[in-house]
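Enquirer: Numbered according to this note's numbering, the sequence shown spans residues 102 to 454. Using N, Cα and C, we set each Cβ at its ideal position, and we do this for glycine too. Here the structure is a predicted model, which is why all the values come from computation and not from measurement. What follows is a structure written as structure tokens; I'll ask about it next.
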Amino acid sequence: MSLLWFVVGLILLIVGAELLVMGASRVASLFRIPPLIIGLTVVAFGTSSPEFAVSIEAALNDQASISVGNVIGSNIFNVLFILGISALIVPLLVSKQLIRFDIPLMILLSALVLFMAQDRVLGFTDGVILLLGLFAYLFYLFRQSRNEALQEDEPTGTERPHLLRDAGLIVVGLVCLVIGSDQLIDGAIKIAAYFGVSELIIGLTIVAAGTSLPELVTSVVAAIHGKRDIAVGNVVGSNLFNIMGVLGVASIISPGGIDVPESLLHFDLLVMLGVAVVCLPVFFTGGIISRSEGAAFLIYYIAYSSYLVFDAMEHVLLNPFSNTMLYFFMPLTLLAIGFSVVQDSRFKARHKR
Numbered sequence: 102m103s104l105l106w107f108v109v110g111l112i113l114l115i116v117g118a119e120l121l122v123m124g125a126s127r128v129a130s131l132f133r134i135p136p137l138i139i140g141l142t143v144v145a146f147g148t149s150s151p152e153f154a155v156s157i158e159a160a161l162n163d164q165a166s167i168s169v170g171n172v173i174g175s176n177i178f179n180v181l182f183i184l185g186i187s188a189l190i191v192p193l194l195v196s197k198q199l200i201r202f203d204i205p206l207m208i209l210l211s212a213l214v215l216f217m218a219q220d221r222v223l224g225f226t227d228g229v230i231l232l233l234g235l236f237a238y239l240f241y242l243f244r245q246s247r248n249e250a251l252q253e254d255e256p257t258g259t260e261r262p263h264l265l266r267d268a269g270l271i272v273v274g275l276v277c278l279v280i281g282s283d284q285l286i287d288g289a290i291k292i293a294a295y296f297g298v299s300e301l302i303i304g305l306t307i308v309a310a311g312t313s314l315p316e317l318v319t320s321v322v323a324a325i326h327g328k329r330d331i332a333v334g335n336v337v338g339s340n341l342f343n344i345m346g347v348l349g350v351a352s353i354i355s356p357g358g359i360d361v362p363e364s365l366l367h368f369d370l371l372v373m374l375g376v377a378v379v380c381l382p383v384f385f386t387g388g389i390i391s392r393s394e395g396a397a398f399l400i401y402y403i404a405y406s407s408y409l410v411f412d413a414m415e416h417v418l419l420n421p422f423s424n425t426m427l428y429f430f431m432p433l434t435l436l437a438i439g440f441s442v443v444q445d446s447r448f449k450a451r452h453k454r
């Protein structure tokens, strides 16, 4: 029965994502709003609604490990897995706004959460600060989209029926996403709990991946349809909303705040910050995420997931695996990124002459 609900949920996710991308892109065109803004707001926040629902329910039920693990795991999954898969389908273009503002903001927020968690609790004050940041971010985005829209002709009244139709597509798509995610996660959690996996591991892996499936399907569908602004903006916007909105509200309503496990503080939060930091030079080089970079993202997500599995099982391969990642793959990755940045800078310098 759990497997049946899992499959039903997945079908609803695919249908919902298709409707959401279709409606959102049409609304963007109708109101002269850049597709990137739609990806960072309506699409990104809509597809993050499963994370919001799961984390809020977990916080109210005193399941802090699932609540915070869901957010951290989803953000890691979004960048490494979703962008990796999307870039393998078609190289993704990255707008200047993402490079100059949204990616640095994602890095700043990841570092802020790491700082807030040093006392091992994300409390009411922490949640208020994160929510205020979300309101400021939304104000900035809508002010920017309004200024850009004013430079174009206003939409005429004859377009209003199309607006209602496209808004309906967005609403139906979001409903399918929420219901589908709920059914999928319910089945996944029961399957995982049967094997006696800890709540933190469930939150970081199955719950995180399950709640991120709307982002996965939406970004993949957008990439296939050539809407690459939505594909990348959806992931970045979802990560920002997960930190400021989901974690913010969960910290406020959780009785006594959200306890942060030591393993999360000393490993997973650092991974989330590291993933955000790596995005900047990768996106900066040519303003594109190539297929090779997408493959590298996927490899690192597999490595991260493998570490969690080895750690949960207390497997004998844990230490050699950790040492290999720390002393070989990480330095090699940093060298590759540094080389790409230098090469890109030289290329741009030659073309300026």
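According to DSSP, simplified to helix, strand and coil, what is Val376?
Expert: As a working note, residue 376 is residue 275 in the sequence shown. Here Val376 sits in helix by DSSP.
Enquirer: In this structure, does DSSP put Asp360 in helix, strand or coil?
Expert: Within the sequence shown, the letter at position 259 stands for residue 360. Correct three-state label for Asp360: strand.
Enquirer: From Arg392, Phe243, Phe385, Val337, pick the residue whose C-alpha is nearest to that of Leu206; which is it?
Expert: Residue mapping note: residue 206 aligns to position 105 of the sequence shown, counting from 1. Of Arg392, Phe243, Phe385, Val337, the residue nearest in Cα terms is Val337.
Enquirer: Please state the DSSP three-state secondary structure of Ser235.
Expert: Here residue 235 is taken as the residue at index 134 of the sequence shown, counted from 1. The question names Ser, yet the displayed sequence has Leu at residue 235. Here Leu235 sits in helix by DSSP.
Enquirer: Give me the residue from Pro356, Val361, Leu348, Leu113 with the minimum Cα distance to Ile220.
Expert: Reading the sequence shown from its first residue, position 119 is the one you call residue 220. It should be pointed out that residue 220 corresponds to Asp in this sequence rather than to Ile. Cα-wise, what sits closest to Asp220 is Val361.
Enquirer: Measuring only the C-alpha atoms, how far is Val122 from Val417?
Expert: Position 21 of the sequence shown holds residue 122. Position 316 of the sequence shown holds residue 417. Using only the alpha carbons, I get a separation of about 45 Å.
Enquirer: If you compare alpha carbons, which of Ala396, Asp330, Leu436 is closest to Gln198?
Expert: Position 97 of the sequence shown, counted from the first residue, corresponds to residue 198. If we check each option's Cα against that of Gln198, Asp330 comes out closest.
Enquirer: Near Tyr405, which residues of its chain fall below 8 Å by C-beta distance, leaving aside the five closest residues on each side in sequence?
Expert: Within the sequence shown, numbered from 1, the residue matching residue 405 stands at position 304. Ile177, Leu181, Val372, listed in sequence order.
Enquirer: For Leu194, which beta-bridge partners are listed by DSSP?
Expert: Along the sequence shown, read from residue 1 onward, the residue named residue 194 stands at position 93. According to DSSP, Leu194 bridges with Ile389.
Enquirer: Just mark Asn340 as buried or exposed, buried being the case when its beta carbon has 16 or more other beta carbons within 10 Å.
Expert: For the purposes of this step, residue 340 is identified with residue 239 of the sequence shown, where counting begins at 1. Result: buried.
Enquirer: Excluding the 5 residues preceding and the 5 following Ala377 in the sequence, name in chain order all residues of the same chain whose CB lies nearer than 7 Å to its CB.
Expert: Against the sequence shown, residue 377 aligns to sequence position 276. Excluding positions up to five away in sequence, the list reads Met207, Ile208, Ser211.
Enquirer: How far does the alpha helix (DSSP H) with Met123 in it extend, from its first residue to its last?
Expert: Counting from 1 along the sequence shown, the entry for residue 123 is found at position 22. Where Met123 is concerned, the enclosing alpha helix (DSSP H) stretches over 103-131.
Enquirer: If you follow the alpha helix (DSSP H) that Asp330 is in, where does it begin and where does it stop?
Expert: Working through the sequence shown from its first residue, we reach residue 330 at position 229. That run of the alpha helix (DSSP H) goes 329-342.
Enquirer: Does the separation of the CB atoms of Gly170 and Gly304 fall below 8 Å?
Expert: Counted from its first residue, the sequence shown places residue 170 at position 69. Counted from its first residue, the sequence shown places residue 304 at position 203. Yes, these two residues count as a Cβ contact at 8 Å.
Enquirer: When DSSP builds the beta bridges, which residues end up paired with Leu223?
Expert: To locate residue 223, count along the sequence shown from 1; it is residue 122. Leu223 is bridged to Ile359.
Enquirer: Alpha carbon to alpha carbon, what distance is there between Ile271 and Leu242?
Expert: Residue mapping note: residue 242 aligns to position 141 of the sequence shown, counting from 1. Residue mapping note: residue 271 aligns to position 170 of the sequence shown, counting from 1. Their Cα atoms are separated by approximately 19 Å.
Enquirer: Closest to Val143 by C-alpha separation, out of Glu152, Ile403, Leu275, Ser364, would be which residue?
Expert: As a first step, residue 143 must be located in the sequence shown, where it is residue number 42. Selected option, being the one with the closest Cα: Leu275.
Enquirer: Work out the CA separation of Phe384 and Ser364 for me, nearest whole Å.
Expert: For the purposes of this step, residue 364 is taken as the residue at position 263 of the sequence shown. For the purposes of this step, residue 384 is taken as the residue at position 283 of the sequence shown. Going by the C-alpha atoms only, they are around 30 Å apart.
Enquirer: Anyone know if the C-beta pair for Ile359 and Ala154 falls short of 8 Å?
Expert: Counted from its first residue, the sequence shown places residue 359 at position 258. Counted from its first residue, the sequence shown places residue 154 at position 53. No; because the gap between Cβ atoms is not below 8 Å, this pair is not in contact.
Enquirer: Indicate whether Phe398 and Leu184 have their beta-carbon atoms separated by less than 8 Å.
Expert: Translated into the one-based positions of the sequence shown, residue 398 becomes position 297. Translated into the one-based positions of the sequence shown, residue 184 becomes position 83. Taking 8 Å as the Cβ cut-off, Phe398 and Leu184 qualify as a contacting pair.
Enquirer: Look at the alpha carbon of Leu113 and the alpha carbon of Ile403, and state the distance between them as a whole number of angstroms.
Expert: Reading the sequence shown from its first residue, position 12 is the one you call residue 113. Reading the sequence shown from its first residue, position 302 is the one you call residue 403. When rounded, the distance between both Cα atoms is 26 Å.
Enquirer: On the three-state DSSP scale, how would you describe Gly274?
Expert: Within the sequence shown, the letter at position 173 stands for residue 274. Helix at Gly274.
Enquirer: Under 6 Å Cβ to Cβ from Ile115, same chain only, skipping five residues before and after it: list those, please.
Expert: By 1-based counting over the sequence shown, the position of residue 115 is 14. For Ile115, where only same-chain residues beyond five positions count, the Cβ hits under 6 Å are Val318.
Enquirer: Could you check whether Leu348 and Leu231 sit closer than 8 Å to each other, using their CB atoms as the reference points?
Expert: Translated into the one-based positions of the sequence shown, residue 231 becomes position 130. Translated into the one-based positions of the sequence shown, residue 348 becomes position 247. The answer is yes: Cβ separation under 8 Å.
Enquirer: Looking at the C-beta of Ala237, does it have a partner C-beta in chain E at a distance below 8 Å?
Expert: No chain E is part of this structure, which consists of one protein chain only.
Enquirer: Would you decide whether Ile325 is buried or exposed? Buried here means 16 or more other CB atoms lie within 10 Å of its CB.
Expert: Within the sequence shown, residue 325 is the residue found at index 224, counting from 1. Exposed is the call here.
Enquirer: Alpha carbon to alpha carbon, what distance is there between Thr425 and Ala310?
Expert: Counting from 1 along the sequence shown, the entry for residue 310 is found at position 209. Counting from 1 along the sequence shown, the entry for residue 425 is found at position 324. Their backbone Cα atoms lie some 25 Å apart in a straight line.
Enquirer: May I ask you to report which of helix, strand or coil DSSP gives His326?
Expert: As a working note, residue 326 is residue 225 in the sequence shown. The answer is coil: DSSP assigns His326 none of H, G, I, E or B.
Enquirer: Report the rounded CA-to-CA distance for Phe107 versus Val321, giving the unit in angstroms.
Expert: The residue given as residue 107 occupies position 6 in the sequence shown. The residue given as residue 321 occupies position 220 in the sequence shown. In a straight line, the C-alpha of Phe107 is about 20 Å away from that of Val321.
Enquirer: With a threshold of 16 other CB atoms inside 10 Å of the CB of Gly228, please say whether the residue is buried or exposed.
Expert: As a working mapping, residue 228 is identified with position 127 in the sequence shown. By the 10 Å Cβ count, Gly228 comes out buried.
Enquirer: If you reduce the DSSP assignment to three classes, tell me which class Ala243 lands in.
Expert: Here residue 243 refers to the residue found at position 142 of the sequence shown. Correcting the residue identity first, residue 243 is Phe in this sequence and not Ala. Correct three-state label for Phe243: helix.
Enquirer: Would Ser187 and Ala351 qualify as a contact pair, given that the criterion is a beta-carbon distance under 8 Å?
Expert: Against the sequence shown, residue 187 aligns to sequence position 86. Against the sequence shown, residue 351 aligns to sequence position 250. The answer is no: Cβ separation not under 8 Å.
Enquirer: Assign Gly288 to buried or exposed, taking buried as 16 or more other Cβ atoms, counted over all protein chains shown, within 10 Å of its Cβ.
Expert: Within the sequence shown, the letter at position 187 stands for residue 288. Gly288 comes out buried.
Enquirer: Under the assumption that Val308 contacts Ile167 (Cβ atoms under 8 Å), give the Cβ distance between them as a whole number of angstroms.
Expert: Sequence index remark: in the sequence shown, residue 308 carries index 207 (1-based). Sequence index remark: in the sequence shown, residue 167 carries index 66 (1-based). So it is a contact: roughly 6 Å between Cβ atoms.
Enquirer: Considering only the alpha carbon of each residue, which of Leu194, Val410, Ile190, Pro432 lies closest to Thr306?
Expert: What you label residue 306 is simply residue 205 of the sequence shown in a count that begins at 1. Of the candidates Leu194, Val410, Ile190, Pro432, the one whose C-alpha sits nearest the C-alpha of Thr306 is Val410.
Enquirer: Quick one: what's got a C-beta closer than 6 Å to Ser407's C-beta in the same chain, skipping five residues either side?
Expert: Here residue 407 is taken as the residue at index 306 of the sequence shown, counted from 1. Result list for Ser407: empty, nothing under 6 Å.
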